[in-house]
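Remarks on the structure that follows.
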Amino acid sequence: MMKPNFVLLALLAGSAIAAPVASAQQPPDYYVGAGVRAGFNDPTSFVIDSKAKLTDLGNAATLSVRPSVLFDNNTELRLPVSVDFAVADGFYPYGGAGVAYNAGGRSAVDAMITGGLDWGIAQNLVLDLNVSMLFKPGNADTEFTATINYAF
Numbered sequence: 135m136m137k138p139n140f141v142l143l144a145l146l147a148g149s150a151i152a153a154p155v156a157s158a159q160q161p162p163d164y165y166v167g168a169g170v171r172a173g174f175n176d177p178t179s180f181v182i183d184s185k186a187k188l189t190d191l192g193n194a195a196t197l198s199v200r201p202s203v204l205f206d207n208n209t210e211l212r213l214p215v216s217v218d219f220a221v222a223d224g225f226y227p228y229g230g231a232g233v234a235y236n237a238g239g240r241s242a243v244d245a246m247i248t249g250g251l252d253w254g255i256a257q258n259l260v261l262d263l264n265v266s267m268l269f270k271p272g273n274a275d276t277e278f279t280a281t282i283n284y285a286f
C-alpha cells in the first residue's frame, strides 16, 4: 500500500519535470470535466469534477469551491473549499478542506482535506491531479483523482 506522502511527492516531482503542452493562461475561474478516482480502500470510480472561483485573495491566490461527484457502487459527493496559487505559467497548486457525503451504504457526512495541482495542458484544458483524505469513523481513507476539464 502506498503512503499518502509518497503519492503527493510523486505528483510534485512529476509536475516539476513535465512541461505544459501549450502556454496556459492564468488559473481558470471555472471548469468542469471527468476522470477517474483510485482509492486505497475503494474501487476505481468515474468522477465528474468542477471548480468555481469564489474570490481573489491577493498575491496570486484565489479561494475556490471544487464540487465533484463519484460514481461506483454508491454515489459520493465532495465539496471542498480550496486556496489556489499561481506559481508558474500552467501550474496551479491548491489545498483545502471540506466535506464528503456517501449517498449509499453509510449515508454519512465526513470531513476531508484535499490538495492537488491544476495543470494547464492547452488553452481551455486543465488536468486536475488531486489527493484527498477523508476522515471516517474509526479510519481515514486516502484517494487520488485525475480529471481532464474544460475551462471557461
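When the letters of the sequence shown are read in order and numbered with this note's numbering, they come out as residues 135 to 286. Note that beta-carbon positions come from the ideal geometry of N, C-alpha and C, so glycine has one too. All figures in this text were calculated on a predicted structure; none of them were measured in a lab.
Please name the residue in the options whose C-alpha comes closest to that of residue i.
i, options, result
"residue 208", "181, 192, 223", "181"
"residue 255", "273, 267, 281, 234", "281"
"residue 186", "211, 210, 218", "218"
"residue 171", "190, 238, 206, 189", "206"
"residue 240", "222, 169, 262, 210", "210"
Residues in the same chain with beta-carbon distance under 6 Å from residue i, minus the five sequence neighbours each way, listed in chain order, please.
i, result
"residue 242", "236"
So, using beta-carbon positions, are residue i and residue j closer together than 8 Å?
i, j, result
"residue 260", "residue 177", "no"
"residue 286", "residue 165", "yes"
"residue 293", "residue 264", "The requested residue 293 is not part of the displayed model; the chain covers only 135 to 286."
"residue 173", "residue 183", "no"
"residue 204", "residue 179", "yes"
Using the Cα positions of residue i and residue j, report the straight-line distance between them to the nearest angstrom.
i, j, result
"residue 244", "residue 202", "15 Å"
"residue 272", "residue 175", "14 Å"
"residue 224", "residue 251", "10 Å"
"residue 274", "residue 238", "18 Å"
For residue i and residue j, which I take to be in contact (beta-carbon distance under 8 Å), what is that distance rounded to the nearest angstrom?
i, j, result
"residue 258", "residue 228", "Their Cβ separation, rounded to whole angstroms, is 19 Å, which puts residue 258 and residue 228 out of contact at 8 Å."
Apart from the five residues just before and just after residue i, which ones in its own chain have a Cβ nearer than 7 Å to its Cβ?
i, result
"residue 216", "198, 200, 228, 229, 230, 248"
"residue 190", "196"
By Cβ distance, which residues of its chain are closer than 8 Å to residue i, with the 5 residues on each side in sequence left out?
i, result
"residue 220", "160, 161, 194, 195, 226"
"residue 246", "212, 214, 231, 232, 233, 234, 266, 267, 268, 269"
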